[in-house]
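So the sequences go chain by chain: A and B. So in my numbering, spot 356 of the first sequence is number 364, and the numbers just go up one at a time. So in my numbering, spot 53 of the second sequence is number 71, and the numbers just go up one at a time. Data block below; observations after.
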Amino acid sequence: MDFNDTPEEARFREEASSWLAESAPTDEAFRALTPLEQAKVWQKQKYDAGWACLGWAPEFGGRGASAIEEVIWRQEESQYDLPANFFLIGQGMIGPTLMAWASDADKARFLPPLASGEEVWCQLFSEPAGGSDLAALRTRAERDGDDWVINGQKIWTSGAHYSDYGVIVVRTDPTVPKHKGLSYFYVDMKAPGVEIKPIKQLTGDSDFNEVYFTDVRVSDSQRLGEVGQGWQVSLTTLMNERAAIGGGFGQMDVSLAMSVAEEVEIDGRPAMQDAAVRARIADWYVQEAGLKYTGYRSLTALSRGALPGPENSIGKLVGAPKMQAMSSYLMDLLGASGAIADGSLAAKAGIIQRAYMGAPGLRIAGGTDEIMANIIAERVLGLPQEPRLDKGIPFNEVPTG
Amino acid sequence: MNFEFSEEQQLLREQARGFLTEHCPTSVVRSVLDGDQDWDASLWQKVAEMGWTATVISEAYGGLGLSYYELAIIAEEMGRSAAPLPFSSSVYLASEAIQRFGTEAQKSAWLPRLAGGECVATVAMAERAGRLVFDRLETRRSGSQLSGMKVPVADASVAEVAVVLARSEAGLEACLVPLQQAGVSLEPVLTFDASRGHSTVTFDGAEAEVLGDCALNPEDWESLLDGAAVLLAWEQLGLAETALTQARDYALQRFAFGRAIGSYQAIKHKLANMYVKNTLARSNAYYGVWALAEGSDELPLAAATARVAAIQASTYAAEENIQTHGGMGFTWEFDCHFYLRRAKLLSLAIGSEAVWQDRLVSALSAQSAAA
Numbered sequence: 009m010d011f012n013d014t015p016e017e018a019r020f021r022e023e024a025s026s027w028l029a030e031s032a033p034t035d036e037a038f039r040a041l042t043p044l045e046q047a048k049v050w051q052k053q054k055y056d057a058g059w060a061c062l063g064w065a066p067e068f069g070g071r072g073a074s075a076i077e078e079v080i081w082r083q084e085e086s087q088y089d090l091p092a093n094f095f096l097i098g099q100g101m102i103g104p105t106l107m108a109w110a111s112d113a114d115k116a117r118f119l120p121p122l123a124s125g126e127e128v129w130c131q132l133f134s135e136p137a138g139g140s141d142l143a144a145l146r147t148r149a150e151r152d153g154d155d156w157v158i159n160g161q162k163i164w165t166s167g168a169h170y171s172d173y174g175v176i177v178v179r180t181d182p183t184v185p186k187h188k189g190l191s192y193f194y195v196d197m198k199a200p201g202v203e204i205k206p207i208k209q210l211t212g213d214s215d216f217n218e219v220y221f222t223d224v225r226v227s228d229s230q231r232l233g234e235v236g237q238g239w240q241v242s243l244t245t246l247m248n249e250r251a252a253i254g255g256g257f258g259q260m261d262v263s264l265a266m267s268v269a270e271e272v273e274i275d276g277r278p279a280m281q282d283a284a285v286r287a288r289i290a291d292w293y294v295q296e297a298g299l300k301y302t303g304y305r306s307l308t309a310l311s312r313g314a315l316p317g318p319e320n321s322i323g324k325l326v327g328a329p330k331m332q333a334m335s336s337y338l339m340d341l342l343g344a345s346g347a348i349a350d351g352s353l354a355a356k357a358g359i360i361q362r363a364y365m366g367a368p369g370l371r372i373a374g375g376t377d378e379i380m381a382n383i384i385a386e387r388v389l390g391l392p393q394e395p396r397l398d399k400g401i402p403f404n405e406v407p408t409g
Numbered sequence: 019m020n021f022e023f024s025e026e027q028q029l030l031r032e033q034a035r036g037f038l039t040e041h042c043p044t045s046v047v048r049s050v051l052d053g054d055q056d057w058d059a060s061l062w063q064k065v066a067e068m069g070w071t072a073t074v075i076s077e078a079y080g081g082l083g084l085s086y087y088e089l090a091i092i093a094e095e096m097g098r099s100a101a102p103l104p105f106s107s108s109v110y111l112a113s114e115a116i117q118r119f120g121t122e123a124q125k126s127a128w129l130p131r132l133a134g135g136e137c138v139a140t141v142a143m144a145e146r147a148g149r150l151v152f153d154r155l156e157t158r159r160s161g162s163q164l165s166g167m168k169v170p171v172a173d174a175s176v177a178e179v180a181v182v183l184a185r186s187e188a189g190l191e192a193c194l195v196p197l198q199q200a201g202v203s204l205e206p207v208l209t210f211d212a213s214r215g216h217s218t219v220t221f222d223g224a225e226a227e228v229l230g231d232c233a234l235n236p237e238d239w240e241s242l243l244d245g246a247a248v249l250l251a252w253e254q255l256g257l258a259e260t261a262l263t264q265a266r267d268y269a270l271q272r273f274a275f276g277r278a279i280g281s282y283q284a285i286k287h288k289l290a291n292m293y294v295k296n297t298l299a300r301s302n303a304y305y306g307v308w309a310l311a312e313g314s315d316e317l318p319l320a321a322a323t324a325r326v327a328a329i330q331a332s333t334y335a336a337e338e339n340i341q342t343h344g345g346m347g348f349t350w351e352f353d354c355h356f357y358l359r360r361a362k363l364l365s366l367a368i369g370s371e372a373v374w375q376d377r378l379v380s381a382l383s384a385q386s387a388a389a
């Protein structure tokens, strides 16, 4: 075993890192832009140089790179302080869906500006009545000539307020069982009847929205897949969700925990010398290293041209609760001052408090802890699904709470 | 990135699994647990014929001179079958100590016979309850004579020689002590895992030679334990995988309230947790064996990480496997208890979880100070 690149991988890494060294923006003018503007400028720069959506075919704006090359690129790019990625959902989840289900004309029209960051996309799936049970969604579309008319409400839509387009799953036939009555469209987020309301989260931020649809007309040509095939199309999007959401547990890692434990005291000695504190740190490191080396095993599979196994599905299920537990414990070590969120006064500029308040969201987004555990139990271990009381029943006869 | 076993090593795994499935079904574990024997001597013979006892012993001393990658694979399969053998004592610890610290004469005298499985060796460390503290060891060597008491000593009843941690005027030493001699007496000690024999070993002026003819640097012994921690982690991972498989199979076949208990989320989530812990333990065991096989200076961190992860995964899987089985899991008749016994036994050998959590953080501090 070794952690080295193959010669081809090393050449690719060198090419990527030298382009980044020359091109990554650092100037003041760039920093003065809003985060979204920064992201768009950087994405367009990458696109023009052939470093956007690496795995996509060249005609869609990519370079047909292998999965391992995409990973190498991400590793190299992550070494720079670059703007947040506003395109993850569009490029990570919706792009692959368009490739699989859209007409050639729509692929040619929409994929290149999605790759270049000139058009931003959002995903309109969850509803107030259907979160974990996504297929219970109620937003309906009714046929009217060559158009469909959409009425209903979506929720938890990340980035709806700055998106140009969205993909939406709607109910086109309420008289058949729930998975069979769905269809999948793309919509213009600026169309008449689309109303976006930000949701204020418990953190005070607003990353998500409610999106209301009132008599929104979409052309039948905006349908992906057949009428009634919306669930299968949704699965294409959802299969790519892990890639788009995973990672990202911020700076809450063992080195931060050790740094706090060096700075605070227990009974006149650094907390770092306390056995109970050390046991916690060891356990977090076991989780962190376990995820890191699980990633290395997956990379090896990719490097050999194989698909990674199901072991990758544990990332969010381990990482999000760990972020919550670690931030909670570090605040405990800080004592009463652990409550201070003011970045100018708080230890570590308040990132621990922000992590603690943000962690509940990560345990829910993109599949709750409970749904992730079900997925492992059912798809990896082969355990049966819970019996479903709505199975085979027309959607409009299913009991609702 | 090449963080995977080679094809040849994968073949070894298949061969080892096939061999132990055939020669070490659970009935073999059960007969040692139920009977008067402390091991399955004929299984040991077969394992030796497979060359497993010779894996990492150098060819100069009759070994195969293979790497720790191969030994880790065998260790996992040993765990998977809960083999009632003194493999960890003899192979991960005693043979390693002799190979690392012994003089030429000591290596020539013992390693070929250990490689061939003609004899078994063990190590004797613990003397009292609590953590092992080198400075407080009371077993003493004076001249060629050793006196003191070690308890519990795993596999002493089937071993011909023990590497005994002791002190003399020169400081800490590892002494090589043949066990069939007048100055040594063994008393069986009942532990919760009777599929491995344990003894109180009393030395009363026993003939002993100092391994390597010189005092032992405590760091060298710690390094030996790091290696054993990695191999024990692989063995415990095997135990954890069997416990998860048993729980999964039972959850599919056992019905309650008209459906398989594996369809209830309370059971699914328990099994998903086992899978998560086993996956973390496996990936950390990869890290451990990489550091051990490549001689990396990350070994102290990698070994401690692998051991803590494997202790947590194997005890959780063994405990919750029984819980998944309900009352039947608590019976002697079902096999679930084999994995509970062995997982906990191996968790207590060479320092328990808290010891290795502490070592992990020390190694982490040292590594970040060096960076």
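Where is the CB? At the ideal position from N, CA and C, for every residue including glycine.
- [ ] Enumerate, from N- to C-terminal direction, the unbroken beta strand (DSSP E) stretches of 3 or more residues contained entirely within the segment 94-125 of chain A.
- [x] none
TODO: Might you give, ordered along the chain, the residues of its own chain that have their beta carbon closer than 7 Å to the beta carbon of serine 140 (chain A), omitting 5 neighbours on each side?
DONE: Thr376, Ile379
Open item on the list: Cβ closer than 8 Å: which chain B residues qualify as neighbours of tyrosine 301 (chain A)?
Closed with: Phe21, Ser301, Asn302, Tyr304, Tyr305
Open item on the list: Give me the chain A residues within the contact set of threonine 297 (chain B), using Cβ-Cβ distance strictly less than 8 Å, ordered along the chain.
Closed with: Gly298, Thr302, Glu319, Ile322
Task: When B:Ala174, B:Thr349, B:Ile116, B:Ile285 are compared against leucine 242 (chain B), the one with the closest alpha-carbon - done: Among B:Ala174, B:Thr349, B:Ile116, B:Ile285, the Cα nearest to that of leucine 242 (chain B) belongs to B:Ile116.
TODO: Using 10 angstroms around the beta-carbon of glutamate 32 (chain B), count the other beta-carbons present and answer buried if the total reaches 16, otherwise exposed.
DONE: exposed
Open item on the list: Below 7 Å on C-beta distance, what does leucine 325 (chain A) contact in chain B?
Closed with: Val294
Open item on the list: On the DSSP letters alone, give me the boundaries of the beta strand (DSSP E) that alanine 361 (chain B) sits inside.
Closed with: That residue, alanine 361 (chain B), is in no beta strand (DSSP E); its alpha helix (DSSP H) goes 354-366.
Open item on the list: Considering only the alpha carbon of each residue, which of A:Glu85, A:Trp50, A:Val195, A:Met280 lies closest to serine 124 (chain A)?
Closed with: A:Trp50
Open item on the list: Strictly under 7 Å for the Cβ-Cβ distance: is glycine 280 (chain B) near chain E by that measure?
Closed with: Going by chain labels, chain E is absent from the structure shown, which instead holds the protein chains A and B.
TODO: Measure the Cβ-Cβ separation of alanine 297 (chain A) and threonine 333 (chain B) and say whether it is below 7 Å.
DONE: no
Task: histidine 343 (chain B): contacting residues in chain A (beta-carbon distance under 8 Å) - done: The contacting residues do not exist; histidine 343 (chain B) stays about 15 Å from chain A at best.
TODO: Check whether the segment 136-148 of chain B touches the segment 164-184 of chain B, taking contact to mean three or more Cβ pairs, one atom from each stretch, closer than 8 Å.
DONE: yes
Task: the segment 271-279 of chain B / the segment 269-287 of chain A touching (three or more Cβ pairs under 8 Å) - done: no
Open item on the list: Please report the distance separating the alpha-carbon of alanine 172 (chain B) from that of leucine 62 (chain A).
Closed with: One C-alpha to the other measures close to 57 Å.
TODO: Decide if isoleucine 207 (chain A) is buried, meaning its Cβ has at least 16 other Cβ atoms within 10 Å, or exposed.
DONE: exposed
TODO: Measure the C-alpha to C-alpha separation of glutamate 218 (chain A) and arginine 39 (chain A) and round it to an integer number of angstroms.
DONE: 30 Å
Open item on the list: Since alanine 127 (chain B) and leucine 164 (chain B) should fall inside the 8 Å C-beta cutoff, what is the C-beta to C-beta distance between them, to a whole number of angstroms?
Closed with: Leucine 164 (chain B) and alanine 127 (chain B) do not touch by the CB rule: their CB atoms are close to 18 Å apart, not below 8 Å.
Task: Inter-residue Cα distance where the pair is threonine 260 (chain B) and glutamine 330 (chain B) - done: Each residue's Cα considered, the two are about 15 Å apart.
TODO: Could you check if glutamine 264 (chain B) is buried or exposed, using at least 16 other CB atoms within 10 Å of its CB as the buried criterion?
DONE: buried
Task: Through-space distance from glycine 374 (chain A) to glycine 236 (chain A), alpha-carbon basis - done: 24 Å
Task: Distance, leucine 246 (chain A) Cα to phenylalanine 68 (chain A) Cα - done: 21 Å
Open item on the list: Suppose the cutoff is 6 Å on Cβ atoms and the five residues either side in sequence are ignored; what does the same chain contact list for lysine 54 (chain A) look like?
Closed with: Ala60
TODO: Give the interface partners of glutamine 283 (chain B) over in chain A, defined as CB-CB distance under 9 Å, in chain order.
DONE: Glu378, Ala381, Asn382, Ala385, Glu394
Task: Residue closest to glycine 233 (chain A), alpha-carbon to alpha-carbon, out of A:Gln259, A:Lys188, A:Arg312 - done: A:Lys188
Open item on the list: Buried or exposed for leucine 370 (chain A), going by 16 or more other Cβ atoms inside 10 Å?
Closed with: With at least 16 other beta carbons inside 10 angstroms of its own, leucine 370 (chain A) counts as buried.
- [ ] Out of B:Pro196, B:Glu22, B:Thr157, B:Leu366, state which residue places its alpha-carbon closest to the alpha-carbon of glutamate 187 (chain B).
- [x] Ranking B:Pro196, B:Glu22, B:Thr157, B:Leu366 by Cα distance to glutamate 187 (chain B) puts B:Thr157 first.
Task: Touch test, the segment 289-298 of chain B against the segment 383-394 of chain A, Cβ-Cβ under 8 Å, three pairs minimum - done: yes
TODO: Using three-state DSSP, classify alanine 168 (chain A) as helix, strand or coil.
DONE: helix
- [ ] Let me know if glutamine 259 (chain A) comes out buried or exposed under the rule of 16 or more other beta-carbons within 10 Å of its beta-carbon.
- [x] exposed
Open item on the list: For arginine 360 (chain B) and glutamate 127 (chain A), what's the separation of their Cα atoms in angstroms?
Closed with: Those two C-alpha atoms are separated by around 59 Å.
Task: Segment limits, alpha helix (DSSP H) that includes asparagine 302 (chain B) - done: According to the DSSP assignment, asparagine 302 (chain B) belongs to the alpha helix (DSSP H) that extends over 283-312.
- [ ] Compare the C-beta of glutamine 375 (chain B) with all C-beta atoms of chain A and state if any pair is closer than 7 Å.
- [x] yes
Open item on the list: Starting from tyrosine 87 (chain B), trace the beta strand (DSSP E) in both directions and tell me its first and last residue.
Closed with: Segment 86-98 is the alpha helix (DSSP H) holding tyrosine 87 (chain B); no beta strand (DSSP E) there.
- [ ] Verify whether the separation of the beta carbon atoms of threonine 222 (chain A) and valine 178 (chain A) is less than 7 Å.
- [x] It is not a contact, given that the beta carbons lie outside the stated cut-off.
TODO: Mark proline 395 (chain A) as exposed unless 16 or more other C-beta atoms lie within 10 angstroms of its C-beta, in which case mark it buried.
DONE: exposed
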